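For reference, the structure is listed below as structure tokens.
There are 2 protein chains.
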Amino acid sequence: MKVVNPLRADAVRNRERIADIARQLFREKGYDAVSMDEVAKTAGVGIGTLYRHFPTKEALYDAAIQAWVETVNAAAEKSLASEGAPRDRLLAWFEAYVEFLTRHKGAAWRITSALGDDDSPFAAKCRTYLNANQRVIDTLASEGALRADVDAMQLCRLVGGVAAVVDNSELAPDAARSMLAVVADGVLAG
Amino acid sequence: MKVVNPLRADAVRNRERIADIARQLFREKGYDAVSMDEVAKTAGVGIGTLYRHFPTKEALYDAAIQAWVETVNAAAEKSLASEGAPRDRLLAWFEAYVEFLTRHKGAAWRITSALGDDDSPFAAKCRTYLNANQRVIDTLASEGALRADVDAMQLCRLVGGVAAVVDNSELAPDAARSMLAVVADGVLAG
DNA sequence: CCACGATACGGAGGGTCCCTCCGTTTAGCA
DNA sequence: TGCTAAACGGAGGGACCCTCCGTATCGTGG
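Below, the structure is given as structure tokens:
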């Protein structure tokens, strides 16, 4: 028998090209404004091929935004490692977090919406974010800078909510920063 | 000539029945889960009739959630009129605000998304909300309880973001309250 | 009371989605 | 080179929002 286990070369090629094109399109136009037909046509494959590689549009989206999610942990470490006051470091993390979430239009709301849902295609990304926030909380809490009842899920939701609004209304960084300052002060207080 | 200016009796009847049914359906199932066909069928009218009265789905939604929006000002007054500390009154207002926004599934995000957009069908509702928040800010600021750089738009976005997350993830009131406490403390601080 | 015209009704169908199904083509081992 | 498992491609199904237009109804002037 001729069991060919690894993916065929053309399949690998197509999968990568589709993911690249999708990343580009989603980033430019946002989730809703990109149709699966458009991705297939731009990538030069049939719609059937697209769906063979990515069973739903959300799965494609998940693959398209995969790369940058993986750098989130590094960003958390970097924000925390700096020398400044807890408030400054927390704000730096928040800003990095919002910058990540808003890098692809529509991602902030989609990911924040999926926060409690284990069945979502974004569940893995949510866990990454939760862990990063937990690390930030642990670090600042060990310095006694945080109020006691803050948890990672709550923080993800608060900052994710801000990110979603910033993304949707295309707010300037200043507007985002002033909203994040409110959240940071609220979390540090008490 | 026979110019019949006022609406015909059947038209008035249908308009009201459609709005009633739509309010009920939107409230039960949320914006996305209700189709225009479903509204028409449930109301017992043709799809053409529905669109004669409400030119888009968003216009229908706007009409469906009209009634409760108008009571928001009363809620603001009531929250402010109580005797408690500024923090308690602010929190009471936030909770009332979130309760309003989450009363119809999907409304929080849609309205908060429309905050800067004058062309949105929800523009009028946004103005109502902004004014209510402005009144709250003015009252508390006159007591010196607020940080200086808080504005109504920012507050609408912050609390609207929390409301959207609460609505989408169907969080318990406790979870909402703890997030709102963070925002309130952040706004009062400094 | 009736006839007639302005008004409103209803649903077929257009355009756009996401996604499925299946006949056709291709890769790659023996 | 022949053959089979794997991959491809696109027609089309079903759902959606919305438009268009022939048909039915309302309500007034005669």
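Protein sequences, first through last, are from chains D and E.
Residue numbering for the first sequence follows my numbering, starting at 1 and increasing by one per position.
Residue numbering for the second sequence follows my numbering, starting at 191 and increasing by one per position.
Think of the CB as a built atom: it goes at the ideal place given N, C-alpha and C, for glycine as much as any other residue.
Treat the numbers as computed from the prediction; the structure is a model and nothing was measured.
Taking Glu289/E as reference, the option from Asn204/E, Val356/E and Arg203/E with the minimal CA-CA separation is Val356/E. For Lys57/D, the closest alpha carbon among the candidates Ala164/D, Asp174/D and Asp32/D is that of Asp32/D.
The closest CA to that of Lys78/D, considering only Ala9/D, Val162/D, Glu95/D and Pro55/D, is found on Glu95/D. Taking C-beta atoms as the reference points, Arg242/E and His294/E fail to come closer than 8 Å. The beta carbon of Ala297/E sits closer than 7 Å to the beta carbons of Ile255 and Leu291 from its chain, once the five residues preceding and following it are set aside; these are given in chain order. Note that the C-beta distance between Asn358/E and Ala342/E is not below 8 Å.
Of all residues in the stretch 261 to 272 of chain E, none comes within less than 7 Å of chain D when Cβ atoms are compared. As the crow flies, the alpha-carbon of Val69/D is around 21 Å from that of Pro55/D. Contact with chain D is found for Ala379/E, since one of that chain's Cβ atoms lies less than 8 Å from the residue's Cβ. For Met226/E, the nearest beta carbon of chain D is not closer than 8 Å to its own beta carbon. Around Ser120/D, no beta-carbon contact reaches into chain E at under 8 Å, the shortest distance being about 11 Å.
Across the structure, Ala22/D and Tyr61/D are spaced so that their CA atoms are roughly 7 Å apart. In this structure, the straight-line span from the alpha carbon of Ile301/E to that of Val326/E is close to 19 Å. When the alpha-carbon of Ala253/E is set against those of Val224/E, Arg277/E, Ile208/E and Leu280/E, the nearest one is in Ile208/E. Taking a beta-carbon distance threshold of 8 Å, Leu305/E counts as an interface residue toward chain D. When the Cα atoms are used, Pro311/E and Asp339/E turn out to be separated by approximately 29 Å. For Gly44/D, no CB of chain E lies under 8 Å from its own CB, so it is not counted at the interface with that chain.
Between the alpha carbons of Glu273/E and Leu280/E lies a distance of about 12 Å. Counting every other CB atom within 10 Å of its CB across the protein chains shown gives Ser35/D a total below 16, marking it as exposed.
The stretch 351 to 379 of chain E contains, as complete alpha helix (DSSP H) runs of 4+ residues, the segments 363 to 378 (chain order).
Take the alpha-carbon of Leu25/D and the one of Ala282/E: they are about 43 Å apart.
Residue-level contact check: Ala314/E does not touch chain D, since none of the beta carbons of chain D fall below 8 Å from its beta carbon.
Counting only the Cα atoms, Leu336/E lies some 25 Å from Ser303/E. Counting other Cβ atoms within 10 Å of its Cβ, Leu197/E stays below 16 and is therefore classed as exposed. Listed along chain D, the residues sitting closer than 7 Å to Asp339/E by beta-carbon distance are Ser178. Between Thr112/D and chain E, the shortest Cβ-Cβ separation is below 8 Å. Out of Glu333/E, Asn321/E and Gln344/E, the CA that lies nearest to the CA of Thr261/E is found in Asn321/E.
Think of a sphere of 7 Å around the beta carbon of Arg157/D: the chain E residues whose beta carbon falls inside it are Val355 and Met369, in chain order.
C-alpha of Ala275/E to C-alpha of Ala265/E: approximately 17 Å in a straight line. Below the 7 Å Cβ cutoff, chain D contributes Ser113 as neighbours of Asn358/E, in chain order.
Excluding sequence positions up to five before and after Met179/D, its CB lies within less than 6 Å of the CB of Val162, all in the same chain and listed in chain order.
Cβ contact annotation for Val229/E (same chain, cutoff 8 Å, sequence separation greater than five): Ile208, Ile211, Ala212, Leu215, Leu240 and Leu250, in chain order.
In terms of Cα proximity to Ala184/D, the closest of Ala9/D, Asn14/D and Tyr97/D is Tyr97/D. With contacts defined as CB atoms closer than 8 Å, Gly160/D and Leu115/D qualify as a contacting pair.
Here the alpha carbon of Ala141/D sits roughly 51 Å from the alpha carbon of Val45/D.
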